[in-house]
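Student:
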Amino acid sequence: MAKGEGAEQYSNTNLLNKPVNTDGVQVAGKHETRNSLSTCNKLCYAIGGAPYQITGCALGFFLQIYLLDVAQLDPFYASIILFVGRAWDAVTDPTVGFLVSRSRWTRFGRMLPWILFSTPLAVVSYFLIWYVPPFEDGKVIWYLVFYCLFQTLQTCFHVPYSALTMFISSEQKERDSATAYRMTVEVLGTLIGTAIQGQIVGMANAPCVPVPNGDVLAELSSNSSSAILLTATNTSEPVISLQDTRAAYMISSGVICAMYVLCALILFFGVREKKESCHPQSEQMSFFQGMRLVLRHGPYTKLVMGFLFTSLGFMLLEGNFALFCSYTLGFRNDFQNILLVIMLSATLAIPFWQWFLTRFGKKTAVYVGTSSVVPFMVLVVCVKSNLIVTYIVSFAAGVGVAAAFLLPWSMLPDVVDDFKVQNLNSTGHEAIFYSFYVFFTKFASGISLGISTLSLDFAGYIPRGCTQPEEVDLTLKLLVSAAPIALILLGLVIFRSYPIDEDRRQGNRKLLQKQRDNEVDSENDLTELSRMV
């Protein structure tokens, strides 16, 4: 079977390792060893992607239920915090991308100083998100300020890190290989974030509160997995208080902060930006000029719009799945294990999807991988609540989640190269491309979280209630099944018009390789001429 788009990046290794002349004939690779990355370099680079995924996974899965059931905020105010925080995060991405694109070269590079200096303040603000202040009146302001502050500082880490892909090597084969390492570590980071946050918090899960006119004994007998620890019912077991749950959230956040710092240090000391891979920006432009520049590039716009809707679907699922497991399925004390199964499955599936996209092409992998999760979104709401069935469905759904993590970032370097070919006199804008991509996905995340939490408020959500009204159960089913499926299908329809295929990508790489070789030869000629003079 013929290989599709993306297959050449691993199969045609000789072509990518050596420059080609205008007839497509391989010539001696006089510069090929200069840009080679060692396995250690790739691992250090990949580890730098873990903090974003660890903290993002913890916030995505647990922040909503934390604000509602642990901080005990009104759902309306929780929706404001989630929406404003994510919307602010979205705005900071292109802003930071613009500033990064105008950064000057230092002895550590252009990207790494941003990562180093943002890390200490980022971990402090992240820790304070999970702290319940000893006052009530300003609690909403507290969470809003530190959530927005953390998102800003994390953007100062992640946007330069994302753009760093283009600066660790000028060889596309090396960048693709480093991206594969990065995707594996990032999905592993989601697994670690889910495990740390879920398991520590799960061991100190505070009991639910019987709703008015509710029958506690009936609740206990009808759902044995929801271990409601009430002193009046069972005095032989220790009662876990709300303060214990709050302390567990702080412990888990402390562990995650320590891992954030460790990963940032490994990245900083294990990776070096290569100046020959970093072209100076051709012109100084304003923020809006940069935005128009990237949005006018057709392949980039189609890629972003397609993944905007698919990521919005997955974010709806992610943000509401913990509540869905706790209340609709009745697995209050098991939801953290269900989330862990999804992330474990996603981690194990990454090598499969990497093989699949090299064998059948990236566009085919997008359709197969993203749509593969749809049947399981249907099953999880249609099958009668059963813990074993839920674990099986969650494991299968994780395979599709892996594709959603892997594929978008593997396609962005192709779009950037295509832009460089079509705009040979416009360079140094890689950070803008990456930052606007993150901008759209994060803005979609803010909308999804705000709307979903507000919908729960309208449906009559009861914080820490042992049972919820039927309207809440119906709303949660819509938020984790019907709405995500519709958004995913819409994104796949848009993505059909994505124009970069195998021939176009190979042609772009040949032209860029020839351009780099000509630039190096010109520099060598000037050096020789100066020596002769």
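Positions in the sequence shown are counted from 1; adding 657 to them yields my numbering. Even for Gly, the Cβ is constructed at its ideal location relative to N, Cα and C. Please read all numbers here as calculations on a predicted model, not as lab measurements.
#1: What's the call for W762, buried or exposed, on a 16-neighbour Cβ count within 10 Å?
#2: Start and end of the alpha helix (DSSP H) containing R743?
#3: Are the beta-carbon atoms belonging to G963 and R743 less than 8 Å from one another?
#4: Under the three-state reduction of DSSP, which class applies to L769: helix, strand or coil?
#5: Can you give me the Cβ contacts of Y984 inside the same chain, cut-off strictly under 6 Å, excluding the 5 residues immediately before and after it?
#6: With a threshold of 8 Å on Cβ separation, who are the neighbours of I1145 within its own chain once the five nearest residues in sequence on each side are excluded?
#7: Thinking C-alpha only, which one of H815, R903 and V741 is nearest P790?
#8: Straight-line CA distance for F824 to K1020?
#9: Go through its chain and collect everything with a Cβ distance to V1037's Cβ below 6 Å, but skip five positions before and after it.
#10: Can you give, in chain order, each stretch of the alpha helix (DSSP H) that sits fully within the stretch 1129 to 1160 and has at least 4 residues?
#11: Determine the burial state of Q1170: buried for a count of at least 16 other Cβ atoms within 10 Å of its Cβ, exposed for fewer.
#12: Y838 and Y709 look like a contact to me (Cβ under 8 Å); what is the Cβ gap, rounded to whole Å?
#13: Tell me which same chain residues have a C-beta within less than 6 Å of the C-beta of Q1172, skipping the five on either side of it?
#14: Please look up how many angstroms separate the CB atoms of F718 and F978, rounded, as I've assumed it's under 8 Å.
#15: Please give the ranges of any beta strand (DSSP E) in the stretch 766 to 832, keeping only runs that are unbroken, at least 3 residues long and fully inside the region.
#16: Check for me: the alpha helix (DSSP H) holding Q1011 runs from which residue to which?
#17: According to DSSP, T763 sits in a beta bridge with which residue or residues?
#18: Any idea what DSSP makes of G681, helix, strand or coil?
#19: In angstroms with no decimal places, state the Cα-to-Cα distance between L1044 and P1120.
#20: With a threshold of 7 Å on Cβ separation, who are the neighbours of P956 within its own chain once the five nearest residues in sequence on each side are excluded?
#21: So D901 is in the alpha helix (DSSP H); what residue range does that whole segment cover?
#22: Reducing DSSP to helix, strand and coil, say where E930 ends up.
#23: For S834, which option in L1136, L1113, S693 and F1033 has the closest C-alpha, if you only look at C-alpha atoms?
#24: What is the rounded straight-line gap between the Cα of P732 and the Cα of L1113?
#25: Quick check on DSSP: helix, strand or coil for Q1079?
#26: Among residues of its own chain, excluding the 5 on either side of Q856, which ones have a beta-carbon nearer than 7 Å to its beta-carbon?
#27: Kindly indicate which residue of Y1024, K1077, C914 and G1122 has the alpha-carbon position closest to the one of A1060.
#28: With a cut-off of 8 Å on the beta carbons, I'd call S910 and F784 a contact; round off their distance for me.
#29: Just the Cα atoms here: how many angstroms apart are T958 and A921?
#30: For my contact list, V842 and G706 are in at a C-beta cut-off of 8 Å; report their separation, rounded to the angstrom.
#31: Helix, strand or coil: how does DSSP classify R1166 here?
#32: Identify the continuous alpha helix (DSSP H) that holds C697 and give its terminal residues.
#33: For L1113, name the three-state secondary structure that DSSP assigns.
#34: Specify the secondary structure class of F1090 as computed by DSSP and reduced to three states.
#35: Between the beta-carbon of S1138 and the beta-carbon of V1056, is there less than 8 Å?
#36: Determine the DSSP secondary structure at S834, reduced to helix, strand or coil.
Tutor: Looking at the coordinates:
#1: Residue 762 sits at position 105 when you count from the first residue of the sequence shown. W762 is exposed by the Cβ-count criterion.
#2: Residue numbering aside, residue 743 sits at position 86 when the sequence shown is read from its first letter. Unbroken alpha helix (DSSP H) run through R743: P732 to S758.
#3: The residue labelled residue 963 in the question sits at position 306 within the sequence shown. The residue labelled residue 743 in the question sits at position 86 within the sequence shown. For G963 and R743, no; Cβs fall outside 8 Å.
#4: Residue 769 sits at position 112 when you count from the first residue of the sequence shown. If DSSP states are grouped into helix, strand and coil, L769 belongs with the helices.
#5: Locating residue 984 in the sequence shown gives position 327, where the first residue counts as 1. Once the five neighbours on either side are set aside, the close Cβ partners of Y984 are Q1125.
#6: For the purposes of this step, residue 1145 is taken as the residue at position 488 of the sequence shown. Listed in chain order, the non-local C-beta contacts of I1145 below 8 Å within the same chain comprise F966, T967, G970, F971, T1027, S1028, V1030 and V1031, local neighbours out to five positions each way being set aside.
#7: Start at 1 with the first residue of the sequence shown, and residue 790 comes out as number 133. For P790, the nearest C-alpha among the options comes from R903.
#8: For the purposes of this step, residue 824 is taken as the residue at position 167 of the sequence shown. For the purposes of this step, residue 1020 is taken as the residue at position 363 of the sequence shown. Distance between F824 and K1020, taken at the CA atoms: about 26 Å.
#9: Indexing the sequence shown from 1 puts residue 1037 at position 380. Excluding positions up to five away in sequence, the list reads V1050.
#10: As far as the stretch 1129 to 1160 is concerned, its whole alpha helix (DSSP H) runs of at least 4 residues are 1140 to 1152.
#11: Within the sequence shown, residue 1170 is the residue found at index 513, counting from 1. It counts as buried.
#12: Counting from 1 along the sequence shown, the entry for residue 838 is found at position 181. Counting from 1 along the sequence shown, the entry for residue 709 is found at position 52. About 15 Å separates the two Cβ atoms, so there is no contact after all.
#13: Locating residue 1172 in the sequence shown gives position 515, counting from the first residue. Closer than 6 Å at Cβ, skipping near neighbours: no residue.
#14: As a first step, residue 718 must be located in the sequence shown, where it is residue number 61. As a first step, residue 978 must be located in the sequence shown, where it is residue number 321. About 7 Å; that satisfies the 8 Å criterion.
#15: Correct list: empty.
#16: The residue given as residue 1011 occupies position 354 in the sequence shown. Run containing Q1011: F992 to F1017, per the alpha helix (DSSP H) assignment.
#17: Your numbering for residue 763 matches position 106 in the sequence shown. Looking at the DSSP output, T763 bridges to G766.
#18: Here residue 681 refers to the residue found at position 24 when the sequence shown is read from its first residue. With a pLDDT of only 41 at G681, under 50, the local geometry of the prediction cannot be trusted, and the value read off the model is given with reservation. Collapsing the DSSP output to three states places G681 in coil.
#19: Along the sequence shown, one-based indexing puts residue 1044 at 387. Along the sequence shown, one-based indexing puts residue 1120 at 463. Taking the straight line joining both Cα atoms gives about 23 Å.
#20: Taking the first residue of the sequence shown as position 1, residue 956 is located at position 299. Closer than 7 Å at Cβ, skipping near neighbours: V1072, D1075, Y1155, P1156 and I1157.
#21: Residue mapping note: residue 901 aligns to position 244 of the sequence shown, counting from 1. L899 to G927 is the span of the alpha helix (DSSP H), which, as asked, contains D901.
#22: As a first step, residue 930 is located in the sequence shown; it is residue number 273 there, counting from the start. Taken through DSSP and simplified to helix, strand or coil, E930 comes out as coil.
#23: By one-based count along the sequence shown, residue 834 stands at place 177. Out of L1136, L1113, S693 and F1033, the CA that lies nearest to the CA of S834 is found in S693.
#24: As a working note, residue 732 is residue 75 in the sequence shown. As a working note, residue 1113 is residue 456 in the sequence shown. Roughly 7 Å between the two C-alpha positions.
#25: For the purposes of this step, residue 1079 is identified with residue 422 of the sequence shown, where counting begins at 1. The answer is helix: DSSP assigns Q1079 an H, G or I state.
#26: Your numbering for residue 856 matches position 199 in the sequence shown. Short of 7 Å from the beta carbon of Q856, and not among the five residues preceding or following it, lie these beta carbons of its own chain, in chain order: Q993.
#27: Counted from its first residue, the sequence shown places residue 1060 at position 403. It is Y1024.
#28: Mapped onto the sequence shown, residue 910 falls at position 253. Mapped onto the sequence shown, residue 784 falls at position 127. Their Cβ separation, rounded to whole angstroms, is 5 Å, which keeps S910 and F784 in contact under 8 Å.
#29: Reading the sequence shown from its first residue, position 301 is the one you call residue 958. Reading the sequence shown from its first residue, position 264 is the one you call residue 921. Distance between the alpha carbons of T958 and A921 is about 31 Å.
#30: On the sequence shown, residue 842 is found 185 positions in, with the first residue counted as 1. On the sequence shown, residue 706 is found 49 positions in, with the first residue counted as 1. At roughly 6 Å, the Cβ-Cβ gap stays under 8 Å, so V842 and G706 are in contact.
#31: What you label residue 1166 is simply residue 509 of the sequence shown in a count that begins at 1. Here DSSP, grouped into helix, strand and coil, assigns R1166 to helix.
#32: Indexing the sequence shown from 1 puts residue 697 at position 40. C697 -> alpha helix (DSSP H) spans T696 to I704.
#33: Working through the sequence shown from its first residue, we reach residue 1113 at position 456. Helix, per DSSP.
#34: In the sequence shown, counting from the first residue as 1, residue 1090 sits at position 433. It is helical.
#35: As a first step, residue 1138 must be located in the sequence shown, where it is residue number 481. As a first step, residue 1056 must be located in the sequence shown, where it is residue number 399. For S1138 and V1056, no; Cβs fall outside 8 Å.
#36: Here residue 834 refers to the residue found at position 177 when the sequence shown is read from its first residue. Here S834 sits in helix by DSSP.
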